[in-house]
Amino acid sequence: MKSTFEKMGGIYTLGADGIYYPNLVSTDEEPHYGKYGMLRRTYLKERRPAKYSLYMLEDRLTAHLNAVDDEAKERMETLVSQMTNKQGITEELKARDHMVWVGVVNNIRNAAEEIVRNEIIYR
Numbered sequence: 063m064k065s066t067f068e069k070m071g072g073i074y075t076l077g078a079d080g081i082y083y084p085n086l087v088s089t090d091e092e093p094h095y096g097k098y099g100m101l102r103r104t105y106l107k108e109r110r111p112a113k114y115s116l117y118m119l120e121d122r123l124t125a126h127l128n129a130v131d132d133e134a135k136e137r138m139e140t141l142v143s144q145m146t147n148k149q150g151i152t153e154e155l156k157a158r159d160h161m162v163w164v165g166v167v168n169n170i171r172n173a174a175e176e177i178v179r180n181e182i183i184y185r
């Protein structure tokens with residue numbers, strides 16, 4: 063008599079302890095997430111374990127992390143661009159006083175990063 067797993071095309075492998083284990087293959091997409099996806103994964107794992115487990119069980123974790131990473135990168139680009147334009151940071155300032163330009167751009171990036179973390183990663 064075949065089990066439901068075998069009827070669906072599943073295969074069992076005999077383990078070293080004499081027990082048959084199902085060969086489970088993830089159908090989830092290939093991971094391409096970076097910094098923001100990893101931050102989201104850590105947040106889910108530590109602060110929202112039920113949601114993390116649900117994503118794992120439904121085989122949607124990688125797709126979710128890829129989407130969050132893409133959204134966060136896009137939002138970072140938009141915020142940095144908007145803040146740079148609003149504060150009047152130009153290539154002229156970069157050529158005239160490079161250290162001031164570096165400091166201002168670093169402040170903008172840090173502020174944008176904090177916004178992205180609060181709006182996208184920790185929601």
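When we follow the numbering used here, the leftmost residue of the sequence shown carries the number 63, and every step to the right adds one.
Beta carbons are placed, not taken as given, at the ideal position from N, Cα and C, and that holds for glycine.
Please read all numbers here as calculations on a predicted model, not as lab measurements.
query: Which residues DSSP lists as bridging Thr-75, in chain order; result: Tyr-83
query: 4 or more residues per run - each alpha helix (DSSP H) lying fully within the region 104-150; result: 111-119 and 123-149
query: Segment contact, 8 Å Cβ cut-off, at least three pairs: the region 104-115 with the region 74-85; result: no
query: Touching by the beta-carbon criterion (3+ pairs, under 8 Å), the region 129-145 and the region 92-104; result: yes
query: Assigned exposure category for Val-178 - 16 Cβ within 10 Å defines buried; result: buried
query: Check whether Val-142 and Arg-171 have beta carbons under 8 Å apart; result: yes
query: Unbroken alpha helix (DSSP H) run spanning Tyr-161, endpoints; result: Strictly speaking, residue 161 in this sequence is Met, with Tyr absent from that position. Met-161 -> alpha helix (DSSP H) spans 160-178.
query: Spatially closest choice to Glu-136 from Ile-182, Gly-165 and Glu-154, by CA coordinates; result: Ile-182
query: Alpha-carbon to alpha-carbon, Ile-73 and Thr-124; result: 24 Å
query: Close beta carbons around Ala-174, own chain, < 6 Å, minus the five adjacent residues each side; result: Met-138, Leu-141 and Val-142
query: Close-in-space but distant-in-sequence residues of the same chain around Met-151 (CB under 6 Å, 5 per side omitted); result: Per the sequence presented here, residue 151 reads as Ile, with Met not at that position. So the list reads Val-166, once near-sequence residues are dropped.
query: Between the CA atoms of Leu-155 and Val-164 - distance to the nearest angstrom; result: 10 Å
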